[in-house]
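>
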Amino acid sequence: MKKITDYRALAFFDLDGTLLNAESKVDAEVAWAIAKIRENGVLPLIATGRGHFELGPIMEATGITGAIAMNGQYIVLDGEVLYKEAIPKTSIKKLAEAAQSQQEALAYYDDNGYWVDQMNDFVKRAYGHTHMPLPAVDSEKAWQGEVYMMLALTDQLSQVDFYREAVPELNFFMNTPTSIDITNISTNKGTGVKHLKEVLGFTGETYAFGDGRNDLHLLSACDHKTAMGNAVPELMELADFVTTANTDHGIVNAFEHWGIL
Numbered sequence: 088m089k090k091i092t093d094y095r096a097l098a099f100f101d102l103d104g105t106l107l108n109a110e111s112k113v114d115a116e117v118a119w120a121i122a123k124i125r126e127n128g129v130l131p132l133i134a135t136g137r138g139h140f141e142l143g144p145i146m147e148a149t150g151i152t153g154a155i156a157m158n159g160q161y162i163v164l165d166g167e168v169l170y171k172e173a174i175p176k177t178s179i180k181k182l183a184e185a186a187q188s189q190q191e192a193l194a195y196y197d198d199n200g201y202w203v204d205q206m207n208d209f210v211k212r213a214y215g216h217t218h219m220p221l222p223a224v225d226s227e228k229a230w231q232g233e234v235y236m237m238l239a240l241t242d243q244l245s246q247v248d249f250y251r252e253a254v255p256e257l258n259f260f261m262n263t264p265t266s267i268d269i270t271n272i273s274t275n276k277g278t279g280v281k282h283l284k285e286v287l288g289f290t291g292e293t294y295a296f297g298d299g300r301n302d303l304h305l306l307s308a309c310d311h312k313t314a315m316g317n318a319v320p321e322l323m324e325l326a327d328f329v330t331t332a333n334t335d336h337g338i339v340n341a342f343e344h345w346g347i348l
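Numbering (the numbering used here), first residue to last: 88 to 348.
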């Protein structure tokens with residue numbers, strides 16, 4: 088196995104809308120391309136809002152062994168936890184009260200899985216959007232251990248401003264059409280890149296690939312910034328290169344553009 092010093096660059100990939108296809112799977116050409124850039128000295132890493140425990144099939148399909156998970160709140164590499172940052176219980180309480188006032192469900196993510204404080208049709212729709220199993224329901228578990236990320240399950244972008252005002256010490260961004268990602272205010276995919284580089288002592292180049300609002304910090308933290316053809320306008324404006332859509336050979340075309348394939 089290569090050591091980190093054997094790689095000249097790190098490449099960070101968002102999942103839904105970026106590395107994955109419309110069914111949230113890894114296309115064969117993407118798996119091949121990931122293997123090729125690794126051979127060419129570029130270490131591929133996942134940078135996602137998902138929990139690390141959700142990544143097994145994707146890692147198996149791509150050979151990727153490291154991830155900035157939960158939008159930077161939890162980082163793993165080769166089976167080892169390199170960094171994790173819990174959300175304070177006082178902030179969780181304020182958020183739960185705010186969500187209750189809006190009659191919106193909250194999802195909670197810890198070391199091992201995720202759950203929601205209530206089940207309704209919208210929760211089912213939200214998890215169906217990312218093709219993930221429905222969560223368990225538990226209104227007390229959040230107070231019994233550490234929580235590293237939360238989701239407010241809503242399709243209203245205006246709720247980002249509502250929650251920011253209610254709980255200003257947390258960070259809120261609409262990552263999918265059915266949920267708002269929630270982390271500590273100082274934590275995001277970009278800080279995840281910084282933490283990972285510091286732990287590894289890595290000083291080489293970095294590449295970022297994304298499509299959503301939670302990828303703005305990721306692209307900002309990396310040297311070479313790629314937005315997918317299906318990305319939100321803000322990300323396209325930030326990117327150095329806009330490739331084709333994730334469903335139209337976007338990853339392979341981006342690799343060819345950067346000369347790392």
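Glycine is no exception: its CB is placed at the ideal position from the N, C-alpha and C atoms.
On the DSSP letters alone, give me the boundaries of the beta strand (DSSP E) that I267 sits inside.
Here residue 267 corresponds to residue number 180 of the sequence shown, with the count starting at 1. Unbroken beta strand (DSSP E) run through I267: S266 to N271.
> Let me know the secondary structure DSSP gives M157 once reduced to three states.
Looking up residue 157 in the sequence shown gives position 70. Reduced to three states, the DSSP call for M157 is helix.
> Which runs of the beta strand (DSSP E) fall wholly inside the region 295 to 339 and span at least 3 residues, in chain order?
Counting only runs of 3 or more, we get 311 to 314.
> Whole angstroms is fine: what's the gap from D310's alpha carbon to A326's?
Against the sequence shown, residue 310 aligns to sequence position 223. Against the sequence shown, residue 326 aligns to sequence position 239. Approximately 10 Å between the Cα atoms of the pair.
> Considering W202, what are the terminal residues of the alpha helix (DSSP H) in which it resides?
The residue you call residue 202 lines up with position 115 of the sequence shown. From DSSP, W202 is part of no alpha helix (DSSP H) but of the beta strand (DSSP E) over Y201 to V203.
> Provide the residue span of the beta strand (DSSP E) that contains E167, from first to last.
Position 80 of the sequence shown, counted from the first residue, corresponds to residue 167. Here the beta strand (DSSP E) through E167 covers E167 to K171.
> Considering only the beta carbon of each residue, do A148 and A109 sit closer than 8 Å?
To locate residue 148, count along the sequence shown from 1; it is residue 61. To locate residue 109, count along the sequence shown from 1; it is residue 22. Not closer than 8 Å, so no.
> To the nearest whole angstrom, what separates the beta carbons of D298 and N275, a pair I think is in contact under 8 Å?
Position 211 of the sequence shown holds residue 298. Position 188 of the sequence shown holds residue 275. D298 to N275, Cβ: 16 Å. No contact.
> Which two residues bound the contiguous beta strand (DSSP E) that contains M237?
Taking the first residue of the sequence shown as position 1, residue 237 is located at position 150. That run of the beta strand (DSSP E) goes M236 to A239.
> Please classify A134 as buried or exposed, where buried requires at least 16 neighbouring CB atoms within 10 angstroms.
Start at 1 with the first residue of the sequence shown, and residue 134 comes out as number 47. Under this definition A134 is a buried residue.
> Is P175 helix, strand or coil when you go by DSSP?
Start at 1 with the first residue of the sequence shown, and residue 175 comes out as number 88. Reduced to three states, the DSSP call for P175 is coil.
> Are the Cβ atoms of I338 and F289 separated by less than 8 Å?
To locate residue 338, count along the sequence shown from 1; it is residue 251. To locate residue 289, count along the sequence shown from 1; it is residue 202. Their beta carbons are not under 8 Å apart, which means I338 does not touch F289 by this criterion.
> Can you tell me the Cβ-Cβ gap for F260 and N301, rounded? I've got them flagged as a contact below 8 Å.
Mapped onto the sequence shown, residue 260 falls at position 173. Mapped onto the sequence shown, residue 301 falls at position 214. Right, their Cβ atoms sit about 5 Å apart.
> For H139, is the classification buried or exposed, using 16 other Cβ atoms within 10 angstroms of its Cβ as the cut-off for buried?
The residue labelled residue 139 in the question sits at position 52 within the sequence shown. Buried, because 16 or more other Cβ atoms sit within 10 Å of the Cβ of H139.
> By DSSP's criteria, E292 is part of a beta bridge. Which residues make up the other side?
Residue 292 sits at position 205 when you count from the first residue of the sequence shown. Bridge partners of E292: A96.
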